[in-house]
Amino acid sequence: MSEKTAAVRHHIRAWRKHRALTQEQLADATGISRSYLTKIENGARRYDQASLERIAEALHCAPADLIRRHPTEADGVDEIWAAMSLEERTKAGAVLRAMFRHRA
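The numbering of the sequence shown is the numbering used here, which starts it at 217 and goes up by one.
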């Protein structure tokens, strides 16, 4: 399998543009060369976990966001859940159970 065919779909370019950064600015912020970043964005090269984490940190999002969602999409349930305290999760769980009780 070639590097290009092994590439995974991602939203790195969309997140970079959403944060109003040039490739050069993102490359400087991450320590990744601009040419390598260009190849990642174009799907010509795979990213590794370390690069994905550095890019996510520079773009102020989770690494999973770069793979799973466009920056204009609302946070997914798992991101909302992860940000909740235990008390908030308990209350949210009770609300969800009450909402869907009639389906059981």
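Glycine included, C-beta positions come from ideal geometry on N, C-alpha and C.
The DSSP assignment places complete alpha helix (DSSP H) segments of no fewer than 4 residues inside the region 275-320 at 279-284, 293-299, 302-316, in order along the chain.
Buried is the label assigned to GLU257, since at least 16 other Cβ atoms lie within 10 Å of its Cβ.
Our two residues, GLU295 and THR306, have alpha carbons roughly 16 Å apart in a direct line.
The residues ARG261, in chain order, have a CB closer than 6 Å to that of LYS255 in the same chain once the five nearest residues on each side in sequence are set aside. Cβ-Cβ distances below 6 Å link ARG270 to THR246 in the same chain, with the five nearest sequence neighbours on each side left out; the list follows chain order. About 11 Å separates the CB atoms of LEU282 and HIS234; that is not less than 8 Å, and the two are not in contact.
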